[in-house]
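This report refers to the structure that appears directly beneath it.
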Amino acid sequence: MPALVLLGAQWGDEGKGKATDLLGGSVDYVVRYQGGNNAGHTVVVGDQKYALHLLPSGILSPGCTPVIGNGVVVDPSVLFSELNGLNERGVDTSKLLISGNAHIITPYNVTVDKVTERFLGKRKIGTTGRGIGPTYADKINRVGIRVQDLYDESILMQKVEAALDGKNQLLTKVFNRRAIESEQVVEELLTYAEKLRPYVADTVLVLNKALEEDKVVLFEGGQGTLLDIDHGTYPFVTSSNPTAGGACTGSGVGPTKISRVIGILKAYTTRVGAGPFPTELFDEDGEALRRIGHERGVTTGRDRRCGWFDAVIARYATRVNGLTDFFLTKLDVLTGWEEIPVCVAYEIDGKRVEELPYSQTDFHHAKPIYETLPGWSEDITKAKTFADLPKNAQDYVKALEEMSGAPISAIGVGPGRDETIEINSFI
Ligand code: GDP
Ligand code: IMO
Ligand code: MG
1 MPALVLLGAQ WGDEGKGKAT DLLGGSVDYV VRYQGGNNAG HTVVVGDQKY ALHLLPSGIL
61 SPGCTPVIGN GVVVDPSVLF SELNGLNERG VDTSKLLISG NAHIITPYNV TVDKVTERFL
121 GKRKIGTTGR GIGPTYADKI NRVGIRVQDL YDESILMQKV EAALDGKNQL LTKVFNRRAI
181 ESEQVVEELL TYAEKLRPYV ADTVLVLNKA LEEDKVVLFE GGQGTLLDID HGTYPFVTSS
241 NPTAGGACTG SGVGPTKISR VIGILKAYTT RVGAGPFPTE LFDEDGEALR RIGHERGVTT
301 GRDRRCGWFD AVIARYATRV NGLTDFFLTK LDVLTGWEEI PVCVAYEIDG KRVEELPYSQ
361 TDFHHAKPIY ETLPGWSEDI TKAKTFADLP KNAQDYVKAL EEMSGAPISA IGVGPGRDET
421 IEINSFI
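Be aware that the sequence shown starts at 1, since it is given in full-length UniProt numbering, and climbs by one per residue.
Encoded structure:
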């Protein structure tokens with residue numbers, strides 16, 4: 001059985017954690033391939049709720065090996081506080097593997113993230129402030145620190161000095177901050193070296209061997225398609241590739257090994273942080289979606305911006321990821337609306353546009369063209385099969401499937417593991 005990718009089809013927070021956890025029991029490896037602790041993935045198991053930021057959601061499934069791939073950026077302090085938190089709740093985390101090629105989020109990357117945002121003022125991205133962008137910038141600038149660097153003190157010192165050289169100029173002369181001492185940074189990083197050692201592995205080899213042995217590997221995306229640095233609403237994006245191609249570069253597994261790409265799709269739309277959002281609602285409906293859907297960020301606690309479902313975005317996600325399936329989440333949140341508008345196309349400068357415009361300016365000007373679908377009032381949280389759904393909910397799902405370009409193979413009707421309607425099996 002080859003590999004599967006599970007990723008966000010919108011602006012993140014689609015329910016990737018729940019979907020990953022659901023499949024976790026049937027897969028051998030769950031791999032994070034990009035992003036870092038900017039993610040916030042919620043998993044609800046019985047009466048227990050877990051919020052995972054850096055660790056793959058597969059860590060909650062005892063038979064599964066969680067892997068942090070080379071494409072992830074790792075904040076060691078966050079890693080250990082998350083591991084400790086899980087251990088205290090009785091979760092065995094000993095199987096975790098971390099790529100020696102993963103880059104480390106250093107304290108100065110976090111500082112640079114925060115001061116840059118402050119400096120941007122009104123033009124800020126609204127980042128999570130976790131140092132994600134600056135760490136990926138260092139990686140691309142070839143001044144990043146990798147996990148393996150912790151095991152060669154003199155190399156580590158040279159690399160930290162090289163990374164801090166320009167940054168200290170910037171911090172002191174532009175941002176009016178104190179310079180950061182390389183010795184202090186190295187000292188802090190070295191405190192993690194031995195604690196990290198048991199987890200560090202050649203994850204590329206491990207994963208490719210596992211696939212040769214017919215093991216099942218699930219790639220768990222962080223963020224979402226529209227937050228992708230290449231394919232998202234740049235510059236209001238994250239600094240990695242959550243889209244399907246990122247699973248290959250972020251893990252060292254080739255595209256020929258991937259048989260299924262599942263897009264997690266919320267039955268409406270949310271976004272955290274700044275940037276264009278054509279179907280955003282500023283009225284009571286938006287408030288109601290936020291309230292009923294508990295749309296508050298897991299990582300930063302910020303209210304999520306809410307709006308109606310946008311089929312243009314879903315079609316785009318199908319295209320750029322080569323999606324084979326959708327997992328539609330949070331259908332239950334829409335219960336109670338008499339009518340539900342769905343954005344089917346945009347009006348841009350007086351013209352009807354069916355596909356996501358490549359021009360950022362056009363996207364900023366896009367006005368949603370809605371079709372209105374009849375709603376339902378029956379409680380759907382106990383539905384186990386598609387046939388259990390009221391007719392209007394079935395029609396809503398079918399309409400979304402038709403518009404979005406890939407089959408909807410599962411439907412979430414609540415946050416719990418069992419609150420899911422499985423239509424086509426994923427594995
Ligand atoms: P992720 O970042 O994609 O993993 O998503 P988040 O965990 O940030 O946000 C999704 C939220 O929706 C979490 O609180 C989940 O527990 C919850 N959730 C996931 N699927 C469903 C669903 O089908 N119905 C409801 N009501 N909540 C869901
Ligand atoms: P999960 O995995 C939603 C957003 C931030 C900001 C932008 C850049 O839970 O879906 P960054 O700190 O990454 O440089 O911030 O991306 N963002 C997310 N929004 N869900 C996430 O993760 C996000 N991770 C980053 O709000 O707009
Ligand atoms: Mg989230």
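Note that the Cβ used here is the ideal one computed from N, Cα and C, for glycine as well.
Identified DSSP bridge partners for residue i
i           : result
Y192        : Per DSSP, none; premise fails for Y192.
I421        : I411
V45         : Q48
S99         : A201
L4          : L218 and R260
F326        : G263 and I408
R123        : In the DSSP output, where bridge partners are listed per residue, R123 has none listed.
residue 458 : Nothing can be reported for residue 458, as the shown portion of the chain is limited to 1 through 427.
E280        : G307
G416        : V44
V353        : Y346
E339        : P374
Proximity to residue i [Cα-Cα], best of the options
i    : options                   : result
I408 : V30, T269, D138 and V261  : V261
D230 : N321, S377, A410 and G307 : N321
G36  : H103, V344, L4 and L6     : H103
S377 : I369, N392 and K384       : N392
K215 : S94, T65, L227 and R290   : T65
I411 : G12, A19 and L4           : A19
V253 : R32, S94 and G25          : R32
K209 : K257, G301, Q158 and D379 : K257
P264 : E401, L196, R146 and E161 : Just to set this straight, residue 264 is Ile in the shown sequence, not Pro. Here the closest residue by C-alpha is E401.
A3   : D28, G15 and A9           : D28
T385 : A39, E355, P357 and E419  : E419
S61  : A137, I125, L96 and I313  : L96
Collapsed DSSP secondary structure at residue i in the structure displayed
i           : result
L218        : strand
F386        : helix
A406        : coil
C306        : strand
Y358        : coil
Y29         : strand
E14         : coil
P107        : helix
S259        : strand
E183        : helix
T20         : helix
P374        : strand
L331        : helix
P76         : helix
residue 430 : Not covered by the structure: residue 430. The range shown for the chain is 1 to 427.
P134        : helix
G286        : helix
A39         : coil
C64         : coil
Y346        : strand
E82         : helix
I229        : coil
R177        : coil
R296        : strand
Buried versus exposed, by CB contacts within 10 Å (16 or more), residue i
i    : result
I140 : exposed
Q223 : buried
A387 : exposed
K330 : buried
R142 : exposed
I155 : exposed
L424 : Residue identity differs from the one stated: residue 424 is Asn in this sequence, not Leu. Exposed, by the Cβ-count rule.
N241 : buried
Q34  : buried
Y234 : exposed
F309 : buried
G219 : The sequence shown places Phe at residue 219, not Gly. Buried.
L83  : buried
T361 : exposed
D303 : exposed
A163 : buried
V413 : buried
V174 : exposed
CB contact check: residue i to chain B, cutoff 7 Å
i    : result
R291 : Note that chain B does not occur in the displayed structure, where there is just one protein chain.
If we count Cβ pairs, one from each stretch, closer than 8 Å, do we get three or more for the region 353-368 versus the region 40-52? The region 353-368 is not in contact with the region 40-52.
Count the C-beta pairs between the region 246-260 and the region 268-285 that are closer than 8 Å, then say yes if the count reaches three, no if not. Judged by Cβ distances under 8 Å, the region 246-260 makes no contact with the region 268-285, as fewer than three pairs qualify.
So, does the region 64-72 touch the region 117-125, judging by three or more C-beta pairs under 8 Å? By the Cβ criterion, the region 64-72 is not in contact with the region 117-125, since fewer than three pairs of Cβ atoms, one from each stretch, lie closer than 8 Å.
Quick check: the region 406-420 against the region 310-326, are at least 3 beta-carbon pairs closer than 8 Å? Segments in contact, yes.
Please confirm if the region 185-195 is in contact with the region 149-156, defined as three or more CB-CB distances below 8 Å between the two stretches. The region 185-195 vs the region 149-156: in contact.
Mind the definition here: the region 338-350 touches the region 366-386 only if three or more C-beta pairs lie below 8 Å; say whether that holds. Touching, yes, given that three or more Cβ pairs across the two stretches are closer than 8 Å.
How do the region 342-358 and the region 378-385 stand: do at least 3 beta-carbon pairs fall below 8 Å, yes or no? Segment contact: the region 342-358 against the region 378-385, fewer than three CB-CB distances shorter than 8 Å; contact not assigned.
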